[in-house]
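Quick note on UniProt numbering: the sequence shown kicks off at 1 and runs consecutively. Even for Gly, the Cβ is constructed at its ideal location relative to N, Cα and C. Computed from a prediction, not measured in an experiment: that's the story for all the values here. Contents: one structure, followed by commentary.
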Amino acid sequence: MEQQKYKDELCRDSSVDEQCSDKIDIWSFGIVLWELLTCETPYKDVDSSAIIWGVGSNSLHLPIPSTCPDGFQLLMKMCWSNSPSSRPSFKQIQAHLDIASQEVLRIQPDEYYKKQLIWKEEIRLHMLQMQANKSHVPKFAEFEDDLIRKRENELKHAQDVREHYERKLERANQLYLELKAVLMHLDQREKELLKREKQTVKVSRKRSKDKVIKGNKRCCETSPTSPDSPLHKLESPVRVPLVTHLNGRARPESFAMSTTSPPPPAPPPPPPPTPPPPPPPIFFFFFFFTKKLKLIFFFF
């Protein structure tokens with residue numbers, strides 16, 4: 001029980017829900033230093049809830065004996081400062097102890113023991129006076145009820161928050177399962193569509209191939225002059241000699257002579273042209289006479 005009280009009154013910061021830091025240890029070191037100097041139990045015969053409320057409200061302090069060395073009085077007051085930033089660091093405490101310890105080391109053990117008895121009596125009277133004075137003693141029953149009510153409200157709020165997050169988590173899990181099922185369905189659907197597409201491509205290719213083959217066969221059957229089907233092997237053409245002869249208009253004409261059949265008969269030659277009839281004798285004489293006259297005129 002005494003250890004629990006000691007833990008409760010260690011620091012004001014933990015009582016008022018302030019942020020924890022190394023300054024809490026500085027406050028606790030001041031309590032330990034007070035115990036070493038006085039050899040007394042901190043807040044003896046005081047209820048634990050009263051310690052928490054008194055330290056937190058800054059209305060309960062450990063009494064520092066008036067005859068205590070000044071260096072240790074100052075150090076304890078600095079460690080118990082209400083402002084954490086005003087408390088010294090452990091390095092500063094070590095330097096302060098090196099100076100303040102010289103005063104204690106000069107005191108004889110018997111004399112120091114007598115001083116401790118005086119300090120204990122002073123502390124006992126201070127605690128009795130504090131309990132008797134109603135202005136310094138809070139109503140611990142009311143404080144305890146308020147503290148319990150506050151903790152219950154905090155616990156209820158924490159439970160509400162937890163239930164809220166549990167509902168959100170359950171909803172998120174449900175949405176995840178639904179989304180996973182939809183993705184699996186889409187994946188299966190995509191595989192089926194891909195399979196159908198491959199089958200459709202195969203069927204369309206087969207149909208187009210059949211159509212080409214049928215078309216080639218139909219063309220070969222209906223058109224003898226059409227080229228052979230690309231599916232058949234092409235044969236090298238047979239060379240046929242060309243023969244040239246004169247046609248009815250006395251013009252050269254070429255035709256292919258088959259090696260198997262005889263050449264066609266040549267057309268009959270055209271009849272020779274008939275000569276023009278001779279001119280009559282009178283016309284000839286006149287023509288001759290005119291020529292003679294031209295010659296005669298030419299010489300003259």
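Candidates Arg-124, Glu-103 and Leu-36: closest to Val-46 by CA position: Looking at the Cα atoms, Arg-124 is the closest of the given residues.
Burial state of Pro-65 (16 or more Cβ within 10 Å): With 16 or more other Cβ atoms within 10 Å, it is buried.
Arg-171 versus Lys-202 - alpha carbon distance: Note on geometry: alpha-carbon atoms of Arg-171 and Lys-202 lie some 47 angstroms from one another.
Cβ-Cβ separation, Pro-88 to Ser-21 (assumed contact under 8 angstroms), whole Å: Contact between Ser-21 and Pro-88 does not hold, since the beta-carbon distance rounds to 14 angstroms and is not under 8 angstroms.
Length of the line joining the Cα atoms of Ser-135 and Gly-54: Note that Ser-135 has pLDDT 49, beneath the 50 cutoff, so the model's placement of it is unreliable and the number below is only indicative. Ser-135 and Gly-54 have their C-alpha atoms spaced approximately 12 angstroms apart.
The stretch 87 to 101 in contact with the stretch 69 to 78 per 3-pair CB rule at 8 angstroms: The stretch 87 to 101, when compared against the stretch 69 to 78, does touch it at the 8 angstroms Cβ threshold.
From Val-104, Asp-110 and Leu-62, residue whose alpha carbon lies closest to that of Val-32: Of the candidates Val-104, Asp-110 and Leu-62, the residue whose Cα lies closest to the Cα of Val-32 is Leu-62.
Thr-41, DSSP secondary structure in three states: Thr-41 carries a coil assignment under DSSP once its states are collapsed to helix, strand and coil.
DSSP-derived helix/strand/coil call for Val-137: The predicted position of Val-137 is uncertain, since its pLDDT is 46 and thus under 50; a value taken from the coordinates is nonetheless stated next. Residue state, collapsed to three classes: coil.
Simplified DSSP state of Thr-200, which is helix, strand or coil: Three-state result, Thr-200: helix.
Within-7 angstroms CB hit, Asp-210 to chain B: The structure shown contains no chain B, having only a single protein chain.
Glu-40 and Lys-120 closer than 7 angstroms at C-beta: In contact: Glu-40 and Lys-120 (Cβ atoms closer than 7 angstroms).
Strand pairing of Pro-69, partner residues [DSSP]: For Pro-69, no pairing in a beta bridge is given by DSSP.
Start and end residues, alpha helix (DSSP H) containing Trp-119: From DSSP, the alpha helix (DSSP H) with Trp-119 extends over 109 to 132.
Residue span of the alpha helix (DSSP H) that contains Trp-80, given as start and end: Per DSSP, Trp-80 belongs to no alpha helix (DSSP H) and is neither H nor E.
With 16 other Cβ atoms within 10 Å as the buried cut-off, status of Tyr-113: Residue burial annotation: Tyr-113 is exposed, with fewer than 16 other C-beta atoms found within 10 angstroms of its C-beta.
Pro-252 - DSSP class collapsed to helix/strand/coil: Note: Pro-252 maps to strand in three-state DSSP.
DSSP state of Arg-167 mapped onto helix, strand, coil: Taken through DSSP and simplified to helix, strand or coil, Arg-167 comes out as helix.
Terminal residues of the alpha helix (DSSP H) in which Leu-97 lies: Where Leu-97 is concerned, the enclosing alpha helix (DSSP H) stretches over 90 to 105.
For Ser-49, the first and last residue of its enclosing alpha helix (DSSP H): Where Ser-49 is concerned, the enclosing alpha helix (DSSP H) stretches over 48 to 56.
Pairwise C-alpha distance: Arg-207 and Gly-215: Taken atom to atom, the span from the alpha-carbon of Gly-215 to that of Arg-207 is near 12 angstroms.
Sub-7 angstroms separation of Glu-103 and Gly-71 beta-carbons: Yes, these two residues count as a Cβ contact at 7 angstroms.
Length of the line joining the Cα atoms of Leu-155 and Gln-92: The straight-line gap from Cα to Cα measures roughly 41 angstroms.
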